[in-house]
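Visitor: Residue numbers are given in this note's numbering: position 152 of the sequence shown equals residue 368, and the series is strictly consecutive. For every residue, glycine included, the Cβ atom is placed at its ideal position computed from N, Cα and C. The structure's right below; bear with me while I get my questions together.
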Amino acid sequence: ILEKKEIYQDKYTSELIQNESWIKLKESVESPVYSFQDMYFNYIFNKLISEQIGENFAIILEEVLRDEVVTEREKKYLYEKADETGVDKNKVKEILEEYSSINLAFRKIIYEICKDGKITPAEKKYLVEKARYYNITKHKIIDEINQVEKTISKINDLFRDQFFYLLVNLIFLANFFNIHSNFVNEILSRIYKSLNDIDGSSLNTQFLSKDLMNKIVSSINMTYPDQSLLAEPVSLKSVL
217 ILEKKEIYQD KYTSELIQNE SWIKLKESVE SPVYSFQDMY FNYIFNKLIS
267 EQIGENFAII LEEVLRDEVV TEREKKYLYE KADETGVDKN KVKEILEEYS
317 SINLAFRKII YEICKDGKIT PAEKKYLVEK ARYYNITKHK IIDEINQVEK
367 TISKINDLFR DQFFYLLVNL IFLANFFNIH SNFVNEILSR IYKSLNDIDG
417 SSLNTQFLSK DLMNKIVSSI NMTYPDQSLL AEPVSLKSVL
């Protein structure tokens, strides 16, 4: 069970030796807003691609984009795969063009600067100048900044709700235990729909429900019934 939980305890010093998964969990809890934003924007990117070309081809595309560079040979490979799987090559081409116009590496820079939900004129000027190195037009980068800033501002509003904050921490905990289930995508899907349907500076968590929290807790307890190494068993009242 020690190995499964990826937490190792020295029997002499009783000190926890924190491995990579534990460190990632710790960082997520200490910076929940930014960690959630990173998860959310990755979800959006994958969601939009899957809707256009299907989940199976999206997996192939994700693997090609992993190093954030698409070579001509890789493009040819993707077009051949599109023919084999019946995917519209024009859609694949559009996705690659969109990816090339503003890639994930630069999006991460925008997320980092905008993570507090606002951006100063100096920061915006910096991003516009930085975009030149990525061959991104000024119009494109300003539009991207405005969209990201608006979304992050709404996410910050959500984090003012204690229920939402608890729910996000449960997601971090489920990821730590390496529990992959549809409930995380279900949560992100509801948030995505809410952020796009609601126009305003404030949001509520009516689009979420406690049944999702119970699903996460139940999954953790079913996967790791022996939680003797934790400070207290996982429950809705004792999360992190």
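By alpha-carbon positions, which one of I403, E290, Y295 ends up nearest to K305?
Guide: Minimum Cα distance to K305 is reached at Y295.
Visitor: Where K334 and E300 are concerned, what is the direct C-alpha to C-alpha distance, given to the nearest angstrom?
Guide: Between K334 and E300, the C-alpha separation is close to 45 Å.
Visitor: Under a Cβ-count criterion, where at least 16 other Cβ atoms within 10 Å of its own Cβ denotes burial, should T287 be classed as buried or exposed?
Guide: exposed
Visitor: Hey, is the region 323 to 332 in contact with the region 362 to 381, meaning 3+ C-beta pairs nearer than 8 Å?
Guide: yes
Visitor: Rounded C-beta distance between K307 and I269? I'm assuming under 8 Å.
Guide: 6 Å
Visitor: Alpha carbon to alpha carbon, how far is F252 from Q378?
Guide: 15 Å
Visitor: With C-beta atoms as the reference, is R323 less than 9 Å away from F399?
Guide: no
Visitor: Would you check if the distance between the CB atom of V344 and the CB atom of K331 is smaller than 9 Å?
Guide: For V344 and K331, no; Cβs fall outside 9 Å.
Visitor: For L389 and Y259, what's the separation of their Cα atoms in angstroms?
Guide: 18 Å
Visitor: The alpha helix (DSSP H) that contains T367, what's its start and end?
Guide: 354 to 374
Visitor: Got a sec? Which residues, its chain only, sit under 6 Å from S247 by beta carbon, not counting five neighbours each side?
Guide: none
Visitor: I'd like to know whether the C-beta atoms of N385 and V249 end up nearer to each other than 9 Å.
Guide: Going by C-beta atoms, N385 is not nearer than 9 Å to V249.
Visitor: Does at least one heavy atom of the ligand GTP sit under 8 Å from the Cβ of N258?
Guide: As for the ligand GTP, it is missing from this structure, which has no ligand bound.
Visitor: Cutting at 7 Å between CB atoms, please list the residues of its own chain near V157, excluding the five before and the five after it.
Guide: Because the chain spans 217 through 456 in this model, residue 157 falls outside it and cannot be assessed.
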